[in-house]
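To start, the structure under review is shown below, and the notes come after it.
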Amino acid sequence: MKRHSLHAFKAAPRRQRGAVLVLLTVAMVALLAMAALALDGGHLMVNKTRLQNAVDAAALSGAKTLSLAYGSTEAGSSSAAAAWRTLRANANAPGNEELAKALPAAGSESSFASVEFASSVYGPFSPTLPTDGRYVRVTVQNYGLAGFFWGILEMFTDSPPDKRVAAVAVAGPSPTAPCDLAPLLVCGDLSKPPTSTSTDFWGYKFGQLEVLKSTNWKDGDVGPGNFQLLDFGPGANALSEALEGGLNRCYSIGQEVTTEPGNKVGPVRSGFNTRFEGDTRDLVPYYDEPLLKYDDAFDPPITKSNQAVESNSSGDVYVVGGSSVYGYNDWRAAMAACTPTNNCPGAVAERRMLKIVVGNCDVPEASGEGIANAGKVDIPVLGFGCFFVLQPIAENGGGGGGGGGGGGGNESYIFGQFVEACNGDSYPGPNPSSDAGPQIIQLYKTYITPGQPGSDS
1 MKRHSLHAFK AAPRRQRGAV LVLLTVAMVA LLAMAALALD GGHLMVNKTR LQNAVDAAAL
61 SGAKTLSLAY GSTEAGSSSA AAAWRTLRAN ANAPGNEELA KALPAAGSES SFASVEFASS
121 VYGPFSPTLP TDGRYVRVTV QNYGLAGFFW GILEMFTDSP PDKRVAAVAV AGPSPTAPCD
181 LAPLLVCGDL SKPPTSTSTD FWGYKFGQLE VLKSTNWKDG DVGPGNFQLL DFGPGANALS
241 EALEGGLNRC YSIGQEVTTE PGNKVGPVRS GFNTRFEGDT RDLVPYYDEP LLKYDDAFDP
301 PITKSNQAVE SNSSGDVYVV GGSSVYGYND WRAAMAACTP TNNCPGAVAE RRMLKIVVGN
361 CDVPEASGEG IANAGKVDIP VLGFGCFFVL QPIAENGGGG GGGGGGGGGN ESYIFGQFVE
421 ACNGDSYPGP NPSSDAGPQI IQLYKTYITP GQPGSDS
C-alpha cells in the first residue's frame, strides 16, 4: 500500500498570508462599522436630545406668549416670534454649536422650524392662528449632523441612511387648581354649570362686569356681615398680604372656603392697591378717571359720572351711549405690545388678573335662614374664575368709586371683568383645557390624528 505524505496537505506560507489579510480586512471593517454605530450613534442621540429640548422650550414659549396675547390681532405673530426667539437662544447655549450653525445655514429660524397653531391638542394644525387657537406646535423636520465613521455604512448598502434627526413638540393650557388665590368670593349660578357647548361658567360670561367686593353685605349673596372676603389667616395683616399676592392658599373643587366677616377697608385697600402702585404694580397699571362708582339702580350696578357702564360679549367696556372705558381688551393689547425693546411702565406681569373662588352660596348659612348673624360661613367651591380688576381703591372718600372705588367704607368696592382663562400656578392636569379659569402651560404628546399619537413626541 502506498503511503500518502502528510506534507502534501499543508498550505503554502504565501496562501496562509493571503487568508490572514482577508480576515484582518473583514475584522477592520467590522470594527469601523461598530465605531460608526457607537460614535456616530451616540452623537446622533445626544443631538436628538438637545434638539428636542430646544423644540420643547420653543413650544412652551410660544404657548405662553399666545396665552398672554390671546384675542389680539398680533397673537399669532407674537407667539411664533417668541418660539423662534427661544429656539435661537437655546441654539446659542453652550454645547449646541452644531444647532447654532444649522439655523443660519437654513436661511432663517422659520425655514429651520415651523410654528403652527390649533384649537385642539389633536389638531389640525396650521400656520395661521384660528380664532380659538390655544395650542402651539413646533416642528423641525430635517436637522443634518456631521458624520465621523458614518460613510462606512455605504459598504453594506447602496443607499445608507442620512445622519439626520427631527423633533416636534406641542404645548398649550391645562386646567389647574390655583394656589395664588385672591381672598375674594363670587357666587355661582347652579343652573348654569360649565359645559362643552356652553359659554357660561357658573353664570359668568366673557367680559361680564362684576362686583368682587361689596361694601354693604345686603348687596351680596354671602350672608349677614360678609363682604365677599375670605379668611386666609388670622389678623388684618393676613388679609392685606393675601390681597397683595403674598399668601398661597390651595383649594380644590368640592372643598369649602370660610368667609371673613367685616368690611376691612384699610387692609383691603393697602393690599389691593399694590397691584396698581409701587414696585410690584402691574406691567400696565392704566385705568380711567374719574373712577367707577356703585349704583344698584343699574345692572350691572356700575356707573361713571352718573352714567351706566356696561360691557359686550367681545369684552369691550363702555358708558352707555357714550365713551369707552379702559377694560380688559385695552389692557390685553397693551400687554401684547410689551417687548424687551418696548418696556411697559409697570413691573410685574398680570398683577391685575385675580384668581377668585366661585362658590355655592346657596347654603342656609349664606342666606341667613334660622340665624340672626351668619358671621363666618363655609362655602363649597364650584370652581375658580379669572377676573381683570378695573381700577384701584381711592385713598380718600372724595370723588371715589369702586374697584376700585372711594376710600370711604361705603365706597371701597372692587370691580372686575370676567375673563375665560388666565395663567395659574400649582400643578397642571393630565388633560387639555376646555374650561374657563386659571390654567398652566404644559407640553402634550403630539398626535397625527385624534386617536393616533406621533412616534416623535
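First residue of the sequence shown: 1, per full-length UniProt numbering; consecutive thereafter.
Don't be surprised by glycine CBs; every beta carbon is placed ideally from N, CA and C.
Entirely enclosed beta strand (DSSP E) segments - the stretch 277-349, minimum 3 residues:
As for any beta strand (DSSP E) of minimum length 3 sitting wholly inside the stretch 277-349, the runs are 302-304, 307-311, 317-319, ordered along the chain.
Give the DSSP-derived three-state secondary structure of Phe-104 in the structure shown.
For the purposes of this step, residue 104 is taken as residue 104 along the sequence shown, with counting starting at 1. At residue 104 the sequence reads Pro, which differs from the Phe that was named. Correct three-state label for Pro-104: helix.
Assuming Val-348 and Thr-280 form a contact by the criterion Cβ under 8 angstroms, report the distance between their Cβ atoms to the nearest whole angstrom.
As a working mapping, residue 348 is identified with position 348 in the sequence shown. As a working mapping, residue 280 is identified with position 280 in the sequence shown. Contact between Val-348 and Thr-280 holds, since their C-beta atoms are separated by about 5 angstroms, short of 8 angstroms.
What three-state label does DSSP hand Phe-232 in the structure shown?
As a position in the sequence shown, residue 232 is number 232, starting the count at 1. Looking at Phe-232 - three-state DSSP - the assignment turns out to be coil, as it is neither helix nor strand.
What does a CB cutoff of less than 7 angstroms around Gly-322 pick up in its chain, not counting 5 residues either side in sequence?
Locating residue 322 in the sequence shown gives position 322, counting from the first residue. So the qualifying residues of the chain are Gln-307.
Secondary structure at Ala-59, three-state DSSP: helix, strand or coil?
Within the sequence shown, residue 59 is the residue found at index 59, counting from 1. Here Ala-59 sits in helix by DSSP.
Are the beta-carbon atoms belonging to Leu-247 and Glu-241 less than 9 angstroms from one another?
For the purposes of this step, residue 247 is taken as the residue at position 247 of the sequence shown. For the purposes of this step, residue 241 is taken as the residue at position 241 of the sequence shown. Taking 9 angstroms as the Cβ cut-off, Leu-247 and Glu-241 qualify as a contacting pair.
Quick check: Val-165 and Thr-139, are their CB atoms within less than 9 angstroms of each other?
Numbered from its first residue, the sequence shown carries residue 165 at position 165. Numbered from its first residue, the sequence shown carries residue 139 at position 139. Going by C-beta atoms, Val-165 is not nearer than 9 angstroms to Thr-139.
Buried versus exposed call for Leu-24 [16 or more other C-beta atoms within 10 Å across all chains shown]
Working through the sequence shown from its first residue, we reach residue 24 at position 24. That one is exposed.
Excluding the 5 residues preceding and the 5 following Gly-133 in the sequence, name in chain order all residues of the same chain whose CB lies nearer than 7 angstroms to its CB.
Numbered from 1 along the sequence shown, position 133 holds the residue referred to as residue 133. Taken in chain order, the residues that qualify are Phe-117, Ala-118, Ser-119.
Can you find the residues in the same chain that come closer than 6 angstroms, C-beta to C-beta, to Gly-375, ignoring five residues on each side of it along the sequence?
By one-based count along the sequence shown, residue 375 stands at place 375. Excluding residues within five positions, the ones whose Cβ falls inside 6 angstroms are Gly-225, Pro-261.
Output yes or no for whether 9 angstroms exceeds the beta carbon distance between Val-309 and Leu-291.
Here residue 309 corresponds to residue number 309 of the sequence shown, with the count starting at 1. Here residue 291 corresponds to residue number 291 of the sequence shown, with the count starting at 1. No, Cβ-Cβ distance for Val-309 and Leu-291 is not below 9 angstroms.
Quick one: any contact between the stretch 183-198 and the stretch 225-237, if contact means 3 or more CB pairs under 8 angstroms?
yes
Is it true that the CB of Ala-421 sits closer than 9 angstroms to the CB of Glu-74?
As a working note, residue 74 is residue 74 in the sequence shown. As a working note, residue 421 is residue 421 in the sequence shown. No, these two residues do not count as a Cβ contact at 9 angstroms.
Could you pull out every residue in the same chain whose Cβ sits closer than 8 angstroms to the Cβ of Gly-172, ignoring the five residues on either side in sequence?
Your numbering for residue 172 matches position 172 in the sequence shown. In chain order, Ala-63, Val-121, Arg-134, Tyr-135, Val-136, Pro-432, Ser-433, Ile-441, Gln-442, Tyr-444 place their CB closer than 8 angstroms to the CB of Gly-172, counting only its own chain and leaving out the 5 sequence neighbours on each side.
Cβ-heavy atom distance, Tyr-318 to the ligand SAH, below 8 angstroms
Questions concerning the ligand SAH fall outside what the structure shown contains, since it holds no ligand whatsoever.
Where Thr-259 sits in the DSSP three-state scheme:
Residue numbering aside, residue 259 sits at position 259 when the sequence shown is read from its first letter. The answer is strand: DSSP assigns Thr-259 an E or B state.
Reducing DSSP to helix, strand and coil, say where Val-121 ends up.
Here residue 121 refers to the residue found at position 121 when the sequence shown is read from its first residue. Residue state, collapsed to three classes: coil.
How should Lys-101 be labelled, buried or exposed, when 16 other C-beta atoms within 10 angstroms of its C-beta is the threshold for buried?
For the purposes of this step, residue 101 is identified with residue 101 of the sequence shown, where counting begins at 1. Burial call: exposed.
I need the DSSP call for Gly-406, collapsed to helix, strand or coil.
Position 406 of the sequence shown, counted from the first residue, corresponds to residue 406. For Gly-406, the predicted structure reports a pLDDT of 45, less than 50, and the residue's modelled location is therefore unreliable. A value from the coordinates is still provided. Here Gly-406 sits in coil by DSSP.
Where Lys-48 falls: helix, strand or coil (DSSP):
Taking the sequence shown and counting its residues from 1, the one referred to as residue 48 is at position 48. Lys-48 falls in the helix class under three-state DSSP.
Which listed residue (Thr-215, Lys-213, Leu-190, Ser-214) has its alpha carbon closest to that of Tyr-204
In the sequence shown, counting from the first residue as 1, residue 204 sits at position 204. Taking only the C-alpha atoms, the option nearest Tyr-204 is Leu-190.
Environment of Asp-288 [buried if 16+ CB atoms lie within 10 Å]:
Translated into the one-based positions of the sequence shown, residue 288 becomes position 288. It is buried - the Cβ of Asp-288 has at least 16 other Cβ atoms within 10 Å.
Of the choices Ser-111, Ser-108, Val-115, Gly-107, whose alpha-carbon is the least far from that of Ala-82?
For the purposes of this step, residue 82 is taken as residue 82 along the sequence shown, with counting starting at 1. That would be Val-115, whose Cα lies nearest to the Cα of Ala-82.
Assigned exposure category for Ala-113 - 16 Cβ within 10 Å defines buried
Taking the first residue of the sequence shown as position 1, residue 113 is located at position 113. The residue in question, Ala-113, is buried, as its Cβ has 16 or more Cβ neighbours within 10 Å.
Where Ala-242 falls: helix, strand or coil (DSSP):
Taking the first residue of the sequence shown as position 1, residue 242 is located at position 242. It is helical.
Exposure of Leu-31, with buried meaning 16 or more beta-carbon neighbours within 10 Å:
Locating residue 31 in the sequence shown gives position 31, counting from the first residue. Flag for Leu-31 reads exposed.
Can you name the start and end residues of the alpha helix (DSSP H) that Val-265 belongs to?
Along the sequence shown, one-based indexing puts residue 265 at 265. Here the alpha helix (DSSP H) through Val-265 covers 265-272.
The alpha helix (DSSP H) enclosing Glu-109, as first and last residue numbers:
For the purposes of this step, residue 109 is identified with residue 109 of the sequence shown, where counting begins at 1. Where Glu-109 is concerned, the enclosing alpha helix (DSSP H) stretches over 109-112.
Would you kindly report the start and end of the unbroken beta strand (DSSP E) that includes Asn-92?
Taking the sequence shown and counting its residues from 1, the one referred to as residue 92 is at position 92. Neither: Asn-92 is in no beta strand (DSSP E) and is coded neither H nor E.
Just the C-alpha distance for Ala-93 and Ala-27, rounded to the nearest angstrom, thanks.
To locate residue 93, count along the sequence shown from 1; it is residue 93. To locate residue 27, count along the sequence shown from 1; it is residue 27. Distance between the alpha carbons of Ala-93 and Ala-27 is about 40 angstroms.
By DSSP, does Arg-275 sit in helix, in strand, or in coil?
Stepping through the sequence shown from its first residue, residue 275 is reached at position 275. Looking at Arg-275 - three-state DSSP - the assignment turns out to be helix.
Rounded to a whole number of angstroms, what is the C-alpha to C-alpha distance between Gly-400 and Ser-305?
By one-based count along the sequence shown, residue 400 stands at place 400. By one-based count along the sequence shown, residue 305 stands at place 305. Any reading at Gly-400 needs caution, since the residue's pLDDT is 39, under 50, leaving its predicted position unreliable; the model's value is listed next. The straight-line gap from Cα to Cα measures roughly 11 angstroms.
Going by the beta-carbon positions, is the gap between Lys-355 and Asp-221 smaller than 9 angstroms?
By one-based count along the sequence shown, residue 355 stands at place 355. By one-based count along the sequence shown, residue 221 stands at place 221. Cβ atoms of Lys-355 and Asp-221: not closer than 9 angstroms.
Kindly list the residues whose CB is nearer than 6 angstroms to the CB of Cys-344, restricted to its own chain and excluding five residues on each side of it in sequence; keep chain order.
One-based indexing of the sequence shown puts residue 344 at position 344. Around Cys-344: Leu-283, Val-284, Cys-338.
Please name the residue, chosen from Val-377, Asp-299, Glu-350, that lies closest to Glu-210 on a Cα-to-Cα basis.
Here residue 210 refers to the residue found at position 210 when the sequence shown is read from its first residue. Measuring from the Cα of Glu-210, the nearest candidate turns out to be Asp-299.
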